[in-house]
């Protein structure tokens with residue numbers, strides 16, 4: 121432990137990694153553009169520069185705290201320095217702020233206001249670059265890039281993809297894919313985590329809002345929506361609700377007001393996934409073939425596996441993701457003329473994930489050559505639609521999701537957090553509802569936000585060893601262990617985004633540790649308050665197998681990956 125003096129205030133510190141953390145501990149919100157606690161230290165923006173008692177200046181994010189340090193954070197010299205940095209950044213930045221997708225949420229814009237930057241004394245001499253719209257998940261606008269490097273480090277350190285990097289030097293420096301390729305021509309998996317850390321509009325969501333507005337306005341179209349579990353605990357704080365609060369009832373009501381004819385719950389699709397994945401796991405576990413079984417709910421992870429570890433593609437579960445199972449079932453259901461009322465059916469998914477926009481276009485996501493889900497809207501896009509409509513979120517009455525696809529179990533809901541798929545499958549393996557046994561599953565190590573969790577479960581006298589992984593760099597570690605015979609698993613759950621879908625690439629940003637914990641708690645609390653805990657006991661699921669799904673289980677609920 122040590123003591124630093126910050127602006128005349130004595131602050132104790134213990135294991136803080138840098139001076140910046142101690143400054144924030146002192147209650148001072150020092151500005152940064154390139155610092156994220158989970159990324160490597162880069163020190164590029166220099167906005168967090170501070171001054172010591174000898175007049176030395178240094179970036180506080182890259183300086184280790186030392187006992188006895190005397191730090192000043194807001195001297196006139198530092199104020200001028202930060203303002204100059206922002207001017208220089210803005211001089212090389214597209215300043216069409218009023219039409220920027222990030223306007224009002226842009227961190228650079230926020231800091232310019234905060235530091236009093238009201239004019240730019242320098243001319244923008246950078247050549248205008250073309251906007252990259254090749255990906256169905258994200259859009260790259262190099263003209264808004266400030267070279268903070270956040271996206272580069274996220275793609276490299278956390279996701280182990282390296283789709284983008286720095287090129288050229290000095291005033292010619294850019295962040296681009298290798299050989300200036302389009303992002304869709306790289307190994308990008310569409311996870312959107314680069315967009316999450318981007319402080320400007322340089323990386324944004326490839327939106328489908330306009331197409332959905334058109335469908336909603338068409339009287340000859342019936343528009344169906346499904347809402348993923350993680351959306352309900354992330355959207356509320358945009359409208360004044362507590363972080364992590366489950367606002368599913370409000371959201372259903374709002375979507376009905378926007379014009380969606382039917383609003384369903386993707387937890388229902390997750391229940392279908394558990395039922396089918398349980399069957400597949402037992403078959404493989406019994407035969408010992410194609411083990412371990414890898415989950416296939418996350419399309420970014422599936423693409424990563426195909427790109428970097430094609431030898432493991434046969435190990436991927438053949439089960440479609442909850443989104444795609446739901447899409448196939450809904451499309452089949454509305455083939456009935458009495459159900460579709462002679463109208464065209466447009467199926468829309470409300471997802472926390474940008475990679476889902478690419479998943480709906482994969483050939484194996486089609487049923488009999490037809491696309492099951494027409495559009496994916498992320499949580500962020502739905503927020504924009506609600507605000508554009510003028511609907512006052514908290515004034516709308518709570519409504520239940522529509523039947524017959526509006527009831528999901530607690531197992532389906534917890535799909536939104538890392539470990540949720542594994543816990544749902546373990547519940548299915550557990551016979552009965554013995555409270556002690558169910559509690560032991562919860563405390564088996566399946567919960568928590570560690571990047572890699574390993575647990576064992578006793579099933580009929582045999583030990584099942586499972587790994588729960590979030591973040592693709594962590595997935596790489598586990599795959600290397602399996603490949604080198606350093607570890608053996610029977611079941612491996614992988615989510616591309618750190619902490620799972622609650623922190624997906626399409627979720628509202630500025631989500632720190634408190635928000636992450638609140639979203640996780642929100643889903644677990646929803647599970648606690650759900651009477652049906654196990655997917656196979658959802659009566660609506662059981663009914664579906666006896667009716668619409670009879671003889672069509674494989675056609676509607678499974679797929680085969682090509683490995684390409």
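In our numbering, the protein residues as written are 121 to 684. Backbone N, C-alpha and C define an ideal beta-carbon position, used for all residues, glycine too.
1) What are the boundary residues of the beta strand (DSSP E) that includes residue 469?
2) Assign residue 497 to buried or exposed, taking buried as 16 or more other Cβ atoms, counted over all protein chains shown, within 10 Å of its Cβ.
3) What span of residues does the beta strand (DSSP E) with residue 385 cover, start to end?
4) Measure from the alpha carbon of residue 78 to the alpha carbon of each residue in 443, 643 and 307, then state which is nearest.
5) What first and last residue would you give for the alpha helix (DSSP H) that runs through residue 283?
6) Using DSSP with H/G/I as helix, E/B as strand and the rest coil, what is residue 725?
7) Only counting the same chain, and skipping five residues up and downstream in sequence, which positions put a Cβ closer than 6 Å to that of residue 597?
8) Considering only the alpha carbon of each residue, which of 429, 261, 333 and 292 lies closest to residue 302?
9) Quick check: does the Cβ of residue 376 come within less than 8 Å of any heavy atom belonging to the ligand NAD?
10) Which class does residue 477 belong to by DSSP, given the choice of helix, strand or coil?
11) Within its chain, find whatever has a CB closer than 7 Å to the CB of residue 309; leave out the 5 residues flanking it on each side and keep chain order.
12) Quick one: grab the DSSP three-state call for residue 600.
13) With a threshold of 16 other CB atoms inside 10 Å of the CB of residue 138, please say whether the residue is buried or exposed.
14) Quick one: grab the DSSP three-state call for residue 372.
15) Just to confirm, are residue 346 and residue 491 a CB contact at a threshold of 9 Å?
16) Evaluate residue 245 with the Cβ neighbour count: other Cβ atoms within 10 Å of its Cβ, from every protein chain shown; 16 or more gives buried, anything less gives exposed.
17) For residue 566 and residue 534, I'd like the C-alpha separation in whole angstroms.
18) Can you tell me whether DSSP reads residue 576 as helix, strand or coil?
19) Do we get a CB-CB distance below 9 Å when we pair residue 216 with the residues of chain D?
20) In the DSSP assignment, find the unbroken alpha helix (DSSP H) run with residue 446 in it and report its ends.
21) Taking only the alpha-carbon atoms, compute the straight-line gap between residue 191 and residue 125 and give it to the nearest angstrom.
22) Three or more C-beta pairs under 8 Å: does that hold for the region 539–549 against the region 397–408?
23) Does the contact criterion of 3 or more C-beta pairs under 8 Å hold for the region 188–203 versus the region 165–173?
24) Quick check: the Cα distance between residue 271 and residue 160, rounded to an integer number of angstroms?
25) Could I get the ranges of all uninterrupted alpha helix (DSSP H) runs contained in the region 478–550, with 4 residues as the minimum, in chain order?
26) Answer yes if the region 480–495 comes into contact with the region 442–456, meaning at least three C-beta pairs across the two stretches below 8 Å, and no otherwise.
27) Determine which residues share a DSSP beta bridge with residue 585 and list them.
28) Taking the alpha helix (DSSP H) that residue 317 belongs to, which residues open and close that run?
29) Do residue 208 and residue 231 have their C-beta atoms closer together than 9 Å?
30) Report the residue from 278, 336 and 343 whose alpha carbon sits nearest the alpha carbon of residue 312.
31) Give the DSSP-derived three-state secondary structure of residue 632 in the structure shown.
32) Measuring straight from C-alpha to C-alpha, what distance separates residue 121 and residue 483?
33) For residue 566, which residues does DSSP report across the bridge?
34) For residue 683, count neighbouring Cβ atoms within 10 angstroms of its own Cβ and tell me buried if that reaches 16, exposed if not.
35) Nearest to residue 201 by alpha carbon, out of 185, 179 and 486?
36) Look at the Cβ atom of residue 641, then the Cβ atom of residue 364, and state whether they are nearer than 9 Å.
Looking at the atomic coordinates:
1) For residue 469, the enclosing beta strand (DSSP E) starts and ends at 464–471.
2) So residue 497 ends up on the buried side.
3) Start and end: 382–385.
4) Nothing about residue 78 can be reported from this structure: the residues present for the chain run from 121 to 684 only.
5) It is not in any alpha helix (DSSP H) - residue 283 carries neither H nor E in the DSSP assignment.
6) With the chain covering 121 to 684 only, the question about residue 725 has no answer from this structure.
7) In its chain, beyond the 5 residues on either side, no residue has a beta carbon closer than 6 Å to the beta carbon of residue 597.
8) Closest in alpha carbon position to residue 302, among 429, 261, 333 and 292, is 261.
9) Ligands are entirely absent from the displayed structure, and the ligand NAD is therefore not among its contents.
10) When DSSP states are grouped into helix, strand and coil, residue 477 belongs to the helix group.
11) Hits under 7 Å: 281, 420, 423, 424, 475 and 616.
12) It is helical.
13) The residue is buried, with at least 16 neighbouring Cβ atoms inside 10 Å.
14) Reduced to three states, the DSSP call for residue 372 is helix.
15) Not a contact, by the Cβ cut-off of 9 Å.
16) Taking every protein chain shown into account, the CB of residue 245 has fewer than 16 other CB atoms within 10 angstroms, so this residue is exposed.
17) Cα to Cα, residue 566 sits roughly 12 Å from residue 534.
18) Residue 576 falls in the strand class under three-state DSSP.
19) In the displayed structure, chain D is absent; only one protein chain is listed.
20) Per DSSP, residue 446 belongs to the alpha helix (DSSP H) from 442–453.
21) Straight-line Cα distance between these residues: approximately 6 Å.
22) Between the region 539–549 and the region 397–408, the count of Cβ pairs shorter than 8 Å is three or higher; the stretches touch.
23) In short, these stretches touch, since the Cβ pair count reaches three.
24) Going from the Cα of residue 271 to the Cα of residue 160 covers about 12 Å.
25) Counting only runs of 4 or more, we get 499–509, 530–533 and 540–549.
26) A contact exists between the region 442–456 and the region 480–495.
27) According to DSSP, residue 585 bridges with 576.
28) DSSP places residue 317 inside the alpha helix (DSSP H), whose first and last residues are 313–317.
29) No, the pair does not count as a contact, with Cβ atoms beyond the cut-off.
30) Check the Cα spacing between residue 312 and each of 278, 336 and 343: the tightest is with 278.
31) Residue 632: coil per DSSP, three-state reduction.
32) The straight-line gap from Cα to Cα measures roughly 57 Å.
33) Paired residue(s): none; residue 566 is not in a bridge.
34) The predicted model places residue 683 with a pLDDT of 46, which falls under 50 and marks its position as unreliable; any figure quoted below should be read in that light. Its Cβ having fewer than 16 others within 10 Å, residue 683 is exposed.
35) For residue 201, the nearest C-alpha among the options comes from 179.
36) For residue 641 and residue 364, yes; Cβs fall inside 9 Å.
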